[in-house]
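K.L.:
Numbering (this note's numbering), first residue to last: 5 to 250. Dropping a structure here in structure tokens format, bear with me for questions.
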């Protein structure tokens with residue numbers, strides 16, 4: 005990555021198209037331990053935002069799995085929002101910085117499955133309806149457009165290409181990772197990847213000095229991550245069911 009970024013820090017192609025406010029919300033700060041994490045959707049960010057609440061002392065639980073995925077953004081986590089440039093620059097320059105990455109094609113497919121293929125009325129009625137309306141070649145009826153529940157992967161790919169080419173109707177779950185975390189401008193100390201998520205998470209937690217927490221995660225993470233995903237999907241389905249009744 006250092007070779008790819010060399011001399012290209014100011015190149016627009018390596019800076020992305022996201023707004024400053026959107027970028028700021030992805031950087032999570034722990035002032036006590038002087039660490040900085042850049043969260044990327046569909047790259048373990050829900051887990052890490054829950055884990056962050058424990059690292060930063062924002063939650064008294066002992067495991068991130070004791071925090072519901074829907075509460076991942078809670079706990080009073082501090083981000084770059086509302087911080088001035090000088091303070092942001094100091095944090096980026098002096099704190100321990102880490103990021104989790106993922107193969108971009110794998111991330112796109114995971115985003116499609118989570119937001120458009122699996123039951124997700126909120127995305128269906130918004131993004132799904134937009135994709136059907138604009139990128140479905142065969143004849144479509146009003147129900148197809150209003151529901152947006154049957155977006156094909158081919159239609160999704162067309163949407164991604166168009167949204168990136170024209171910088172319109174972009175969604176954070178599908179934006180390029182460099183658009184969120186600016187790796188050519190922020191020099192990360194640790195770069196993990198979703199393909200080795202458990203091992204990399206344990207390494208990061210240990211390197212930050214949280215050995216007891218790392219030992220706890222080492223005992224539970226591989227099994228709990230599966231049950232956590234199942235419980236989350238069930239909760240989502242029942243939440244949508246309850247919402248649709250009102």
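Beta carbons are placed, not taken as given, at the ideal position from N, Cα and C, and that holds for glycine.
#1: Using 8 Å as the threshold, is the C-beta distance between residue 33 and residue 98 below it?
#2: Taking Cβ positions, are residue 36 and residue 85 nearer each other than 8 Å?
#3: Since residue 105 and residue 47 are thought to touch, with beta carbons under 8 Å apart, how far apart are those beta carbons, to the nearest angstrom?
#4: Are there 16 or more other CB atoms within 10 angstroms of the CB of residue 57, so buried, or fewer, so exposed?
#5: Select from 101, 209, 108 and 216 the residue whose C-alpha is nearest the C-alpha of residue 198.
#6: Within the continuous alpha helix (DSSP H) that includes residue 24, where are the two ends?
#7: Which class does residue 42 belong to by DSSP, given the choice of helix, strand or coil?
#8: Can you name the residues that DSSP bridges to residue 100?
#9: With a Cβ-Cβ cutoff of 8 Å, do residue 120 and residue 127 count as a contact?
#10: The alpha helix (DSSP H) that contains residue 204, what's its start and end?
#11: Can you give the beta carbon distance from residue 40 to residue 140, rounded, assuming they're within the 8 Å contact cut?
#12: Starting from the Cα of residue 38, find the closest Cα among 227, 228, 212 and 25 and give me that residue.
#13: Return the CA-CA distance between residue 160 and residue 60, expressed in angstroms with no decimal places.
#14: Secondary structure at residue 57, three-state DSSP: helix, strand or coil?
#15: Buried or exposed: where does residue 132 fall if 16 or more other Cβ atoms within 10 Å of its Cβ makes it buried?
#16: Based on the DSSP output, what are the partners of residue 82 in its beta bridges?
#17: Specify the secondary structure class of residue 250 as computed by DSSP and reduced to three states.
#18: From residue 217 to residue 209, what distance separates their C-alpha atoms?
#19: Exposed or buried, which one is residue 145 when buried takes at least 16 other CB atoms within 10 Å?
P.N.:
Here's the rundown:
#1: Position 29 of the chain shown, counting from 1, holds the residue named residue 33. Position 94 of the chain shown, counting from 1, holds the residue named residue 98. Not a contact, by the Cβ cut-off of 8 Å.
#2: Locating residue 36 in the chain shown gives position 32, where the first residue counts as 1. Locating residue 85 in the chain shown gives position 81, where the first residue counts as 1. Not a contact, by the Cβ cut-off of 8 Å.
#3: Taking the first residue of the chain shown as 1, we reach residue 105 at position 101. Taking the first residue of the chain shown as 1, we reach residue 47 at position 43. Right, their Cβ atoms sit about 6 Å apart.
#4: Position 53 of the chain shown, counted from the first residue, corresponds to residue 57. Residue 57 comes out buried.
#5: On the chain shown, residue 198 is found 194 positions in, with the first residue counted as 1. Measuring from the Cα of residue 198, the nearest candidate turns out to be 108.
#6: Mapped onto the chain shown, residue 24 falls at position 20. 24 to 28 is the span of the alpha helix (DSSP H), which, as asked, contains residue 24.
#7: Taking the first residue of the chain shown as position 1, residue 42 is located at position 38. DSSP places residue 42 in strand when its eight states are reduced to three.
#8: On the chain shown, residue 100 is found 96 positions in, with the first residue counted as 1. 39.
#9: Stepping through the chain shown from its first residue, residue 120 is reached at position 116. Stepping through the chain shown from its first residue, residue 127 is reached at position 123. Yes, these two residues count as a Cβ contact at 8 Å.
#10: Stepping through the chain shown from its first residue, residue 204 is reached at position 200. Residue 204 -> alpha helix (DSSP H) spans 201 to 211.
#11: In the chain shown, residue 40 corresponds to position 36, counting from 1. In the chain shown, residue 140 corresponds to position 136, counting from 1. Actually they do not touch by this definition, with Cβ atoms about 42 Å apart.
#12: Position 34 of the chain shown, counting from 1, holds the residue named residue 38. When only C-alpha atoms are compared, the closest one is 212.
#13: Indexing the chain shown from 1 puts residue 160 at position 156. Indexing the chain shown from 1 puts residue 60 at position 56. Going by the C-alpha atoms only, they are around 38 Å apart.
#14: The residue given as residue 57 occupies position 53 in the chain shown. The DSSP-derived three-state label of residue 57 is helix.
#15: If you number the chain shown from 1, residue 132 lands on position 128. The residue is buried, with at least 16 neighbouring Cβ atoms inside 10 Å.
#16: As a working mapping, residue 82 is identified with position 78 in the chain shown. Beta-bridge pairing links residue 82 to 33.
#17: Sequence index remark: in the chain shown, residue 250 carries index 246 (1-based). In this predicted model, residue 250 has a pLDDT of only 41, less than 50, meaning its place in the structure is not dependable; the value taken from the coordinates is given anyway. In this structure, residue 250 counts as coil in the three-state DSSP scheme.
#18: By 1-based counting over the chain shown, the position of residue 217 is 213. By 1-based counting over the chain shown, the position of residue 209 is 205. Computed Cα separation, rounded: 7 Å.
#19: Locating residue 145 in the chain shown gives position 141, where the first residue counts as 1. Exposed: under 16 other Cβ atoms inside 10 Å.
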